[in-house]
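> Supplied in structure tokens, the structure appears directly below.
Number of protein chains: 2
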Amino acid sequence: MPSPVPDGHVRGALLPIGGAMDLQRRRLILLRFFELAGGSNARIVVIPTASELPDGGREYLEVFGKLGVASVELLPVRERINANDPAATEIIAQATGIFMTGGNQLKLTAVLGGTPVATAIRRANARGVPVAGTSAGASAMSAHMIAYGAKGLVPRYGMVQFGPGLGLTNRVVLDQHFGARHRLGRLIAAVSFNPYLIGLGLDENTAAEIDDDHLMQVIGEGSVTVVDGAGITYSNIHQLKVGQKEAIVGVKLHVLTHGWSYDLIKREVIPPVVMPALPVAPSLEQPAADPEI
Amino acid sequence: MPSPVPDGHVRGALLPIGGAMDLQRRRLILLRFFELAGGSNARIVVIPTASELPDGGREYLEVFGKLGVASVELLPVRERINANDPAATEIIAQATGIFMTGGNQLKLTAVLGGTPVATAIRRANARGVPVAGTSAGASAMSAHMIAYGAKGLVPRYGMVQFGPGLGLTNRVVLDQHFGARHRLGRLIAAVSFNPYLIGLGLDENTAAEIDDDHLMQVIGEGSVTVVDGAGITYSNIHQLKVGQKEAIVGVKLHVLTHGWSYDLIKREVIPPVVMPALPVAPSLEQPAADPEI
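Chains as they are written, first to last, in my numbering: chain A, 1 to 293; chain B, 1001 to 1293.
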């Protein structure tokens, strides 16, 4: 669960990103994280633990370096034994921004869970340090994490596997590559397990900035799908066997684009103060010239 | 997550029970809950929501009535729509003890999650009201709940399904009918997802009393198996496919009986001040005369 905020501090923003972040052209999300972390004074730590690749995370050193941060460092934590090294904790204690790469979210929690590094991340965020994560790094942020699951638009029993996440927030369950991988069904199923949770489905190259007051704002070119289950009047999730389709009544859905906000306490949508220009999107008629982002 | 404790209050105890509680002869657990709830001044609310039976929970009215509590009432919440009724919230607001029956823990969270009743339970506990739960009612207490799973002593991928629980505590993952249903494998698998969690495997007719200081004490005739994963140096949980066996190094296990305690913050066992008399147990040689408890 989130660490308590020390006196005189404000909890840092969370910036879960739906994967496939544009690092070259439309860099809205990257620039926002740069700003949150302190701009040219930023000391960024990149946590590559979710990656199965021995040099996973290295690409971000160049990306952040080019932005002109004061420092950027790769946390040398690939296995659980590294996460008990006081040197790793010290690196996090010095950071003004923490960025978690993609990979496998279950690796992230299995390696970091219950170690001093996980505690250091939670405490840094409580002191005001922003934490961003893309793909697996986004999934693992909340207390309740989607560890893995199946695709499809219709919820079925067994299509979503929860796991205990890093606990930087606890009101939401985050899913990523949302539109691209047809994950609405599993997010609805997840929310129906316990409608206390608000589901946030993050499209690729799209982030949900969550501030200290539990206000979420969408940044990027896709959308964030909000699944609010507070008004569910009926579901049969507890009566099903694996693979059976779920019946569910009263799910509320919002599809929010760049600049729209959502109050995670009041469960209310807040429109942008100034309606943003329509996002630059590929035409529905013509395939995009460069669909690989 | 647990509600904040208001000024001048102390968080109430949690009393998860491993199912098959003895209500007639060896009533250690029942008497302890009676005492925690205020004895003859107790106003008990029985929450039958986990039960699929239309009159589930009624048996406890008689049990608590015979103990001589001031009042005992069945919360009329069987479906989600009942859990939004202000009358139900008011009943919880007046209680000095809350008891959740067995049944299906996923029904408990799917029906109560995100409703005023769930909030009222968390707030009552934060104000000092003890909350007990047996079987499904025990599983659902923590933020991270075992929703269902498979039996067996060896951990395998996919043998444990997490779900978001009621969030009265967040450091533990609780399993019940533990010895009787051979659930060690799934509890180890659960802890390996994120070793932040401490696994507590509750035998039948056995409770783990968890106080405000995160001290857990065993009450009853069986044992509580503590699975501490903080020292895990290796696991391959994130690399497996469903059904494959997990390799895992460095799990610490304690099997604690009546009177033994465990500090959930320090992860340390505390022996009883006075060693209790050996529990009255059936001989290993001879079958017990009355194995149905």
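Ideal Cβ placement from N, Cα and C applies to all residues, glycine included.
Is the shortest distance between the beta-carbon of Thr300 (chain A) and the beta-carbons of chain B less than 8 Å?
With chain A running from 1 to 293 in the structure shown, residue 300 (chain A) is simply not present.
> Nearest chain B C-beta to Gly229 (chain A) closer than 8 Å, yes or no?
Counting from one through the first sequence, the residue named residue 229 (chain A) turns up at place 229. Closer than 8 Å to some Cβ of chain B, the Cβ of Gly229 (chain A) qualifies, so yes.
> Measuring alpha carbon to alpha carbon, tell me which of A:Asn205, A:Glu246, A:Asn104 and A:Lys245 ends up nearest Arg25 (chain A).
Walking along the first sequence from the start, residue 25 (chain A) turns up at place 25. That would be A:Asn205, whose Cα lies nearest to the Cα of Arg25 (chain A).
> Counting C-beta neighbours from all protein chains within 10 Å, is the total for Asn1170 (chain B) 16 or more, i.e. buried, or is it exposed?
Your numbering for residue 1170 (chain B) matches position 170 in the second sequence. Classification for Asn1170 (chain B): buried.
> Counting along the chain, where does the alpha helix (DSSP H) carrying Glu90 (chain A) start and finish?
Mapped onto the first sequence, residue 90 (chain A) falls at position 90. That run of the alpha helix (DSSP H) goes Pro86 to Gln94.
> Counting beta carbon pairs with one atom in the stretch 1073-1089 of chain B and one in the stretch 1027-1042 of chain B, are three or more of them shorter than 8 Å?
As far as the Cβ criterion goes, the stretch 1027-1042 of chain B does not touch the stretch 1073-1089 of chain B, which means the pair count is below three.
> For Lys151 (chain A), which residues from the same chain have a beta carbon less than 7 Å from its beta carbon, with the 5 sequence-adjacent residues on both sides left out?
Working through the first sequence from its first residue, we reach residue 151 (chain A) at position 151. Closer than 7 Å at Cβ, skipping near neighbours: Arg181, His182 and Arg183.
> Look up Gly987 (chain B) in the DSSP assignment and say whether it is helix, strand or coil.
Lying outside 1001 to 1293, the shown extent of chain B, residue 987 (chain B) is not represented and no answer is given.
> Using beta carbons (cut-off 8 Å, strictly below), is Ala1189 (chain B) in contact with chain A?
Taking the second sequence and counting its residues from 1, the one referred to as residue 1189 (chain B) is at position 189. No, Ala1189 (chain B) does not count as interfacial toward chain A.
> What residue range does the beta strand (DSSP E) around Ile1324 (chain B) cover?
One cannot answer for residue 1324 (chain B) here, as it falls past the ends of chain B, which runs 1001 to 1293.
> Kindly list the residues whose CB is nearer than 6 Å to the CB of Val1063 (chain B), restricted to its own chain and excluding five residues on each side of it in sequence; keep chain order.
The residue labelled residue 1063 (chain B) in the question sits at position 63 within the second sequence. Taken in chain order, the residues that qualify are Leu1023.
> Within 8 Å (strictly less), CB to CB, does Tyr1262 (chain B) reach chain A?
By 1-based counting over the second sequence, the position of residue 1262 (chain B) is 262. Closer than 8 Å: no.
> So the candidates are A:Pro272, A:Asp263, A:Ala207 and A:Ala120; which of them puts its Cα closest to the Cα of Gly137 (chain A)?
In the first sequence, the residue the question calls residue 137 (chain A) occupies position 137. It is A:Ala207.
> Tyr1196 (chain B) touches chain A at which residues, Cβ-Cβ below 7 Å?
Walking along the second sequence from the start, residue 1196 (chain B) turns up at place 196. Residues of chain A passing the Cβ test: Gly113, Gly114, Ala118 and Pro164.
> Mind checking who Ala1037 (chain B) pairs with in its DSSP beta bridge?
Counting from one through the second sequence, the residue named residue 1037 (chain B) turns up at place 37. Partner(s): none; Ala1037 (chain B) has no beta bridge.
> Using three-state DSSP, classify Tyr1262 (chain B) as helix, strand or coil.
As a first step, residue 1262 (chain B) must be located in the second sequence, where it is residue number 262. Tyr1262 (chain B): strand per DSSP, three-state reduction.
> Quick check: is the beta carbon of Lys266 (chain A) nearer than 8 Å to any beta carbon in chain C?
Looking at the structure shown, chain C is missing, and the protein chains on hand are A and B.
> Within the chosen definition, does the stretch 216-232 of chain A reach the stretch 250-268 of chain A through at least 3 CB pairs nearer than 8 Å?
Contact between the stretch 216-232 of chain A and the stretch 250-268 of chain A is present, because at least three Cβ pairs lie under 8 Å.
> Determine, using beta carbons only, whether Leu30 (chain A) comes closer than 8 Å to chain B.
Your numbering for residue 30 (chain A) matches position 30 in the first sequence. No, Leu30 (chain A) lies away from the interface with chain B (no Cβ there is under 8 Å from its Cβ).
> Pick out the complete alpha helix (DSSP H) segments inside the stretch 109-192 of chain A, 4 residues or longer, and give them in chain order.
Qualifying alpha helix (DSSP H) stretches, in chain order: 116-127 and 136-139.
> Which residues of chain B have a Cβ atom closer than 7 Å to the Cβ of Gln161 (chain A), listed in chain order?
As a working mapping, residue 161 (chain A) is identified with position 161 in the first sequence. What Gln161 (chain A) touches in chain B: Gln1161.
> So what's Gly1199 (chain B) in DSSP terms, helix, strand or just coil?
In the second sequence, the residue the question calls residue 1199 (chain B) occupies position 199. DSSP places Gly1199 (chain B) in strand when its eight states are reduced to three.
> When you compare only the Cα positions, how much space is there between Arg1122 (chain B) and Pro1116 (chain B)?
For the purposes of this step, residue 1122 (chain B) is taken as the residue at position 122 of the second sequence. For the purposes of this step, residue 1116 (chain B) is taken as the residue at position 116 of the second sequence. So the two alpha carbons sit approximately 10 Å from each other.
> Looking only at DSSP bridge pairs, what is Met14 (chain A) linked to?
Within the first sequence, the letter at position 14 stands for residue 14 (chain A). Note on identity: in this sequence residue 14 (chain A) is Leu, with Met being the wrong assignment. In DSSP, Leu14 (chain A) forms a bridge with A:Val131 and A:Ile210.
> Kindly provide the ranges of any alpha helix (DSSP H) runs that are 4 or more residues long and lie completely inside the stretch 1043-1083 of chain B, ordered along the chain.
DSSP runs (the alpha helix (DSSP H)) wholly in the stretch 1043-1083 of chain B: 1058-1067.
> How many Å lie between Val1111 (chain B) and Thr101 (chain A) at the Cα?
Locating residue 1111 (chain B) in the second sequence gives position 111, counting from the first residue. Locating residue 101 (chain A) in the first sequence gives position 101, counting from the first residue. When rounded, the distance between both Cα atoms is 36 Å.
> For Thr1233 (chain B), does the count of other Cβ atoms within 10 angstroms reach 16, so buried, or fall short, so exposed?
Working through the second sequence from its first residue, we reach residue 1233 (chain B) at position 233. Result: exposed.
> Assign Glu221 (chain A) to buried or exposed, taking buried as 16 or more other Cβ atoms, counted over all protein chains shown, within 10 Å of its Cβ.
Residue numbering aside, residue 221 (chain A) sits at position 221 when the first sequence is read from its first letter. Buried, by the Cβ-count rule.
> At the level of alpha carbons, what is the spacing between Pro1002 (chain B) and Val1046 (chain B)?
In the second sequence, counting from the first residue as 1, residue 1002 (chain B) sits at position 2. In the second sequence, counting from the first residue as 1, residue 1046 (chain B) sits at position 46. Each residue's alpha carbon lies about 20 Å from the other.
> Of the residues B:Val1069, B:Ala1140, B:Ala1126 and B:Gly1039, which one's Cα is nearest the Cα of Ser1051 (chain B)?
On the second sequence, position 51 is the one that residue 1051 (chain B) refers to. When each option's Cα is compared against that of Ser1051 (chain B), the closest is B:Ala1140.
> Under 7 Å Cβ-Cβ, which residues of chain B neighbour Ile232 (chain A)?
As a first step, residue 232 (chain A) is located in the first sequence; it is residue number 232 there, counting from the start. Correct list: Arg1080.
> Taking the C-alpha atoms as reference points, what is the distance between Ile1092 (chain B) and Pro1130 (chain B)?
Position 92 of the second sequence, counting from 1, holds the residue named residue 1092 (chain B). Position 130 of the second sequence, counting from 1, holds the residue named residue 1130 (chain B). Going from the Cα of Ile1092 (chain B) to the Cα of Pro1130 (chain B) covers about 12 Å.
> Which same chain residues end up closer than 7 Å to Gly1167 (chain B) when comparing Cβ atoms and leaving out the 5 residues on each side of it in sequence?
As a first step, residue 1167 (chain B) must be located in the second sequence, where it is residue number 167. So the list reads Met1001, Pro1002, Arg1122 and Ala1143, once near-sequence residues are dropped.
> From what residue to what residue does the beta strand (DSSP E) around Val226 (chain A) run?
Residue numbering aside, residue 226 (chain A) sits at position 226 when the first sequence is read from its first letter. Residues Val224 to Asp228.
> Starting from Thr49 (chain A), find everything on chain B with Cβ-Cβ shorter than 8 Å and list it in chain order.
For the purposes of this step, residue 49 (chain A) is identified with residue 49 of the first sequence, where counting begins at 1. Per Cβ cutoff of 8 Å: no residues; Thr49 (chain A) is ~10 Å from chain B at best.
> Counting along the chain, where does the beta strand (DSSP E) carrying Glu268 (chain A) start and finish?
Working through the first sequence from its first residue, we reach residue 268 (chain A) at position 268. From DSSP, the beta strand (DSSP E) with Glu268 (chain A) extends over Glu268 to Ile270.
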